[in-house]
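**Q** Supplied in structure tokens, the structure appears directly below.
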Amino acid sequence: MSARILVVDDDILSLKLIAHHLRDTTYVVETASNGEEAWELVVQNPPDLIICDWSMPGMSGIELCQKIKADLRLQLIYFILLTVRLELPDRVAGLENGADDYISKPVAPEELIARIRVGLRLRQVTKSLQEANQQLRLQNELLQSLTLMDQLTGVLNRRALETGLPGLLQKVGDRSEGSVYRYLSVWIIDIDHFKTINDTYGHLIGDKVLQIVAHRLQSNSLPGSFLYRYGGEEFVSVMPGINPLQALAYGEQLRLAIALEPVCLMSVAQEIPVTISLGGAMVHANEPISSQMLLSKADRALYQAKAMGRNQAILSGLERC
814 MSARILVVDD DILSLKLIAH HLRDTTYVVE TASNGEEAWE LVVQNPPDLI
864 ICDWSMPGMS GIELCQKIKA DLRLQLIYFI LLTVRLELPD RVAGLENGAD
914 DYISKPVAPE ELIARIRVGL RLRQVTKSLQ EANQQLRLQN ELLQSLTLMD
964 QLTGVLNRRA LETGLPGLLQ KVGDRSEGSV YRYLSVWIID IDHFKTINDT
1014 YGHLIGDKVL QIVAHRLQSN SLPGSFLYRY GGEEFVSVMP GINPLQALAY
1064 GEQLRLAIAL EPVCLMSVAQ EIPVTISLGG AMVHANEPIS SQMLLSKADR
1114 ALYQAKAMGR NQAILSGLER C
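In the working numbering, each residue's number is its place in the sequence shown (first place is 1) plus 813.
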């Protein structure tokens, strides 16, 4: 695909002369007689390279260059200044204001074409480097997300909980960002009698049950909540912003999402009844508590739920309604 070049000069003779020098090249050449017209063309269809006179009435070449380089979408455009200013301070000023190169007037055809070729090569190298960096960023983000995801269930893993929960706790009662979490609830969720499921149907079916439970928990989670696989048959749900009664209702919502529908698998003749026990704990605004203390509190509530016969949602400090 041919490179697109925009030539900008208020001197019509100079404009035609440069276009004439480029007539035998493969470049697509457009012209503009002032900075304002050039800017409109750039915005409509950005060229690959601009050759622009320094001194023009209205928007000068330097001002056009600054405007282009200030726009992230246009920064890759290679900008060559045309100038009769041969003094070193002038050339330095042009380069410091964003110009990539300069050509002295009157323009020598051989130098013009050589500088265009160099400019287009540099632009392509810069573009390739930016694309490579973007690809690396995407790959790093993917790798980071994979290290925080549980590969079996597709929910966040324990490492994500350990790195994310302290930050969520810091936001409880923090008014610096305008949105205040007055409460934060944590539910530890355990699949009841999961060992029996594994022993009866095998570990492959056990893995399927884990995946289905994770999917149902995720589907029934409140917006803004976080679901983690804690390990084995345990999950953790973290929900900022809801009060204790709402948190208890949320725990019941998760419990019923599992209890009301047995697991059906084509490889198993009969339905597999599955229930969960949940132990929850709350933290209030400005309450000093660590992640480990909060999880320990929820774990004690989970123990209580199991002691009461399982298939229970017990929130520390509240009785199940």
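Ideal Cβ positions, reconstructed from N, Cα and C, are used throughout, including at glycine.
Please list the terminal residues of the continuous alpha helix (DSSP H) segment that includes His1028.
**A** His1016 to Ser1032
**Q** Tell me which residues share the same chain as Phe892 and place their Cβ nearer than 6 angstroms to its Cβ, disregarding the 5 neighbours each side in the sequence.
**A** Ile863, Cys878, Ala912 and Asp913
**Q** Is the region 840-851 touching the region 814-823, taking contact as three or more C-beta pairs under 8 angstroms?
**A** yes
**Q** Taking only the alpha-carbon atoms, compute the straight-line gap between Glu909 and Ile1102 and give it to the nearest angstrom.
**A** 53 angstroms
**Q** Let me make sure I understand the geometry here. Which of Pro1036, Leu1108, Ala927 and Leu1091 has the alpha-carbon closest to that of Met1121?
**A** Leu1091
**Q** Have a look at Leu974 and Gln1031 and give me their C-alpha separation to the nearest angstrom.
**A** 15 angstroms
**Q** Using a Cβ-Cβ cutoff of less than 6 angstroms, which residues in the same chain neighbour Arg995 once the five nearest sequence positions on both sides are dropped?
**A** Ala1098
**Q** Expressed to the nearest angstrom, what Euclidean distance is found between the alpha-carbon atoms of Met814 and Arg930?
**A** 15 angstroms
**Q** Between Ser1080 and Gly1019, what straight-line distance do the alpha-carbon atoms span, to the nearest angstrom?
**A** 12 angstroms
**Q** At the level of alpha carbons, what is the spacing between Val968 and Val1051?
**A** 13 angstroms
**Q** Skipping 5 residues on each side, what residues in its chain have a beta carbon closer than 6 angstroms to that of Leu979?
**A** Checking the sequence, you will find Pro at residue 979 rather than Leu. These residues qualify, in order along the chain: Ser1104.
**Q** Measure the Cβ-Cβ separation of Pro1075 and Ile1089 and say whether it is below 8 angstroms.
**A** no
**Q** In three-state terms, what does DSSP make of Arg1123?
**A** coil
**Q** According to the Cβ coordinates, are Ala1070 and Arg1029 closer than 8 angstroms?
**A** yes
**Q** Which runs of the beta strand (DSSP E), 3 residues or longer, sit entirely within the region 879-908?
**A** 891-896
**Q** Around the Cβ of Gln1125, are there at least 16 other Cβ atoms within 10 angstroms (buried) or fewer (exposed)?
**A** Gln1125 is classed as buried because its beta carbon has at least 16 other beta carbons within 10 Å across all chains shown.
**Q** Work out the CA separation of Val855 and Asp884 for me, nearest whole Å.
**A** C-alpha of Asp884 to C-alpha of Val855: approximately 11 angstroms in a straight line.
**Q** Suppose only complete runs of 3+ residues qualify. What are the beta strand (DSSP E) ranges in the region 905-935, listed by chain order?
**A** 914-917
**Q** Please report how far the alpha carbon of Gly991 lies from the alpha carbon of Leu981, in whole angstroms.
**A** Unreliable placement is indicated for Gly991, whose pLDDT of 48 sits below 50; the coordinate value is still reported in the next sentence. Spanning the two alpha carbons is a distance of roughly 15 angstroms.
**Q** Once the 5 residues before and after Asp866 are set aside, which same chain residues still bring their CB inside 6 angstroms of it?
**A** Asp822, Gly874 and Leu895
**Q** On the three-state DSSP scale, how would you describe Gly991?
**A** Confidence at Gly991 is low in this model, with a pLDDT of 48, below 50, so its placement is unreliable and no value can be given for it.
**Q** Assuming the contact rule is C-beta atoms closer than 8 angstroms, Val1026 and Val1087 should be a hit. Round their C-beta distance to whole Å, please.
**A** Between Val1026 and Val1087 a beta carbon distance of about 7 angstroms is seen, short of the 8 angstroms cut, so the two are scored as contacting.
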